[in-house]
Amino acid sequence: MVSRRVRRPLIAVLVLALLAAAGAGAVVAGNTYELREERVTIPGGPHPLDGVLATPASGRGPFGLVVFVHGDGPVDATRDGFYRPMWEAFARAGYASLSWNKPGVGGSAGNWLDQSMQDRAEEVETAIAWARSRRDLDAGRIGLWGASQAGWVLPKVTARVPDVGFVIAVSPAINWLRQGRYNLLAEMRADGATAAEIRDAVDRSDRTLRLLRAKASFEEYRQAVGGETGGLTADRWRFILRNHTADATADLRHPATGRIPTLLVLAGHDLNVDVAETEAVYREALSALQVRRYPDADHSLVRRSLADSDIKLTLAAILAPRSLAPDGLVDDMVAFLRDPGKAARR
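In full-length UniProt numbering, the protein residues as written are 1 to 346.
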């Protein structure tokens, strides 16, 4: 499911702030990275994937590779630049990073809302096969990084693709429906909703679940809620209908997945995912697991002090994107990449 929170546009505030406080020079300096970025096209599947391969600034490889798997939403290859600080840190550790536009994003073909979690997993498998054909990438050191919704994609890939070297799972959920209910209640409580408001929201959620189980059309859903869809589109309804039964448990328990060194990254202020459930299932299923928690972080692994302010968040994203992540996060991921097998020895 998707968080109910939507950020307000701050274009006017951003422009004024940049002109008054920073200037173009600071923007350029804050967004310059020690990387080589190559635009790539990955053939295969329903549509070619329009991607970016970010490699270390020097050397010819072969480099290890981190394949990025997006969370929910219309995400481009760089996630609006959010990935680049990680790509730079990974490059310094000798790893390339591969990411791509979701279907229908950035001029790519298709529509990401037409995808199931299995479709997304097959997309990742296509990208891994392509990467193993390149001489500048080390086929023996390819792993996955995935956030949020990717929690239903990563285990499907590791259960099917031999020799995935490692997984970095960031804020992954276990069960689609339980995540949706957790998110609904957590955000309403955080917003100070009354008991009556919460009961009404839960009743509506239950009605929606019954419609999903009945495989209702969008028009049937719209009529059932009196036309008040809350911005939910027909495409989004079909996406939810296709994916609402997703549960990562069985794929996590697959023998191949259980043996892969995995770094589980959890936030202290996650209103989207029940991190206690996620950690419990991962610990039960995986034998080679490290867990890192970041108390001052939200679901997106952004510092809460920034995430709680649209103005601060926007300015930091433009002027100092490396400051978005909580202390230690990027260093911990790099340390894991340098020795993924440490998880297996714990």
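Using N, Cα and C, we set each Cβ at its ideal position, and we do this for glycine too.
Using the DSSP secondary-structure output, state which residues sit across from Gln290 in a beta bridge.
-> Within the sequence shown, numbered from 1, the residue matching residue 290 stands at position 290. According to DSSP, which records beta bridges pairwise, Gln290 is partnered with Leu263.
Out of curiosity, what's the CA-to-CA distance linking Arg43 and Phe90?
-> Taking the sequence shown and counting its residues from 1, one reaches residue 43 at position 43. Taking the sequence shown and counting its residues from 1, one reaches residue 90 at position 90. The sequence given here has Pro at residue 43, not Arg. When rounded, the distance between both Cα atoms is 25 angstroms.
When we look at the beta-carbon of Gln223 and count the other beta-carbons within 10 Å, is it buried (16 or more) or exposed?
-> As a working note, residue 223 is residue 223 in the sequence shown. Flag for Gln223 reads exposed.
Using beta-carbon positions only, say whether Ile174 and Gly146 come within less than 9 angstroms of one another.
-> For the purposes of this step, residue 174 is taken as the residue at position 174 of the sequence shown. For the purposes of this step, residue 146 is taken as the residue at position 146 of the sequence shown. For Ile174 and Gly146, no; Cβs fall outside 9 angstroms.
With a 10 Å radius around its C-beta and 16 neighbouring C-beta atoms as the bar for buried, classify Ala196 as buried or exposed.
-> Numbered from 1 along the sequence shown, position 196 holds the residue referred to as residue 196. Exposed, since its Cβ has fewer than 16 Cβ neighbours within 10 Å.
From this set, Lys215, Arg134, Ser309, which residue's C-alpha is nearest Ala96's C-alpha?
-> On the sequence shown, position 96 is the one that residue 96 refers to. When each option's Cα is compared against that of Ala96, the closest is Arg134.
Three-state secondary structure (DSSP) of Arg338 = On the sequence shown, residue 338 is found 338 positions in, with the first residue counted as 1. Here Arg338 sits in helix by DSSP.
Euclidean distance between Cα positions of Arg283 and Ala169 | Walking along the sequence shown from the start, residue 283 turns up at place 283. Walking along the sequence shown from the start, residue 169 turns up at place 169. C-alpha separation (whole angstroms): 13 angstroms.
Range of the contiguous beta strand (DSSP E) that encloses Ile168 = The count along the sequence shown starts at 1 and reaches residue 168 at position 168. Ile168 -> beta strand (DSSP E) spans 167-170.
Tell me which same chain residues have a C-beta within less than 6 angstroms of the C-beta of Phe218, skipping the five on either side of it?
-> Here residue 218 refers to the residue found at position 218 of the sequence shown. If we look at Phe218 and ignore the five residues flanking it on each side, its Cβ neighbours are Ala234, Trp237.
Beta-carbon spacing of Asp274, Ala159 below 9 angstroms = For the purposes of this step, residue 274 is taken as the residue at position 274 of the sequence shown. For the purposes of this step, residue 159 is taken as the residue at position 159 of the sequence shown. Cβ distance not < 9 angstroms, so Asp274 and Ala159 don't count as in contact.
When the Cα of Tyr33 is compared with those of Gln179, Gly230, Pro56, Pro326, which residue comes out closest?
-> Counting from one through the sequence shown, the residue named residue 33 turns up at place 33. Per the Cα distances, Pro56.
Same chain, Cβ closer than 7 angstroms to Arg304, neighbours up to 5 away in sequence not counted | Stepping through the sequence shown from its first residue, residue 304 is reached at position 304. So the list reads His269, Asp296, Ala297, Asp298, once near-sequence residues are dropped.
Let me know if Ala288 comes out buried or exposed under the rule of 16 or more other beta-carbons within 10 Å of its beta-carbon.
-> Residue 288 sits at position 288 when you count from the first residue of the sequence shown. Result: buried.
For the segment 74-89 and the segment 326-334, state whether three or more C-beta atom pairs, one from each stretch, are separated by less than 8 angstroms.
-> yes
Between Ala26 and Lys312, what straight-line distance do the alpha-carbon atoms span, to the nearest angstrom?
-> Taking the first residue of the sequence shown as position 1, residue 26 is located at position 26. Taking the first residue of the sequence shown as position 1, residue 312 is located at position 312. The predicted position of Ala26 is uncertain, since its pLDDT is 48 and thus under 50; a value taken from the coordinates is nonetheless stated next. Spanning the two alpha carbons is a distance of roughly 16 angstroms.
Which listed residue (Thr126, Asp163, Gly81, Ser99) has its alpha carbon closest to that of Gly45 = For this step, residue 45 is matched to residue 45 along the sequence shown. The residue with the shortest Cα to Cα distance from Gly45 is Thr126.
Extent of the continuous beta strand (DSSP E) to which Thr55 belongs = Here the question's residue 55 lines up with position 55 in the sequence shown. Thr55 -> beta strand (DSSP E) spans 49-56.
For Thr41, the residue or residues it bridges with in DSSP | In the sequence shown, the residue the question calls residue 41 occupies position 41. Beta-bridge pairing links Thr41 to Asp50.
Under the three-state reduction of DSSP, which class applies to Ala96: helix, strand or coil?
-> Against the sequence shown, residue 96 aligns to sequence position 96. It is a strand residue.
According to DSSP, residues forming a beta bridge with Val66 | By one-based count along the sequence shown, residue 66 stands at place 66. According to DSSP, which records beta bridges pairwise, Val66 is partnered with Ser97, Gly143.
Do Val153 and Ala129 have their CB atoms nearer than 9 angstroms?
-> The residue you call residue 153 lines up with position 153 of the sequence shown. The residue you call residue 129 lines up with position 129 of the sequence shown. No.
N- and C-terminal bounds of the alpha helix (DSSP H) containing Tyr282 | For this step, residue 282 is matched to residue 282 along the sequence shown. Start and end: 275-285.
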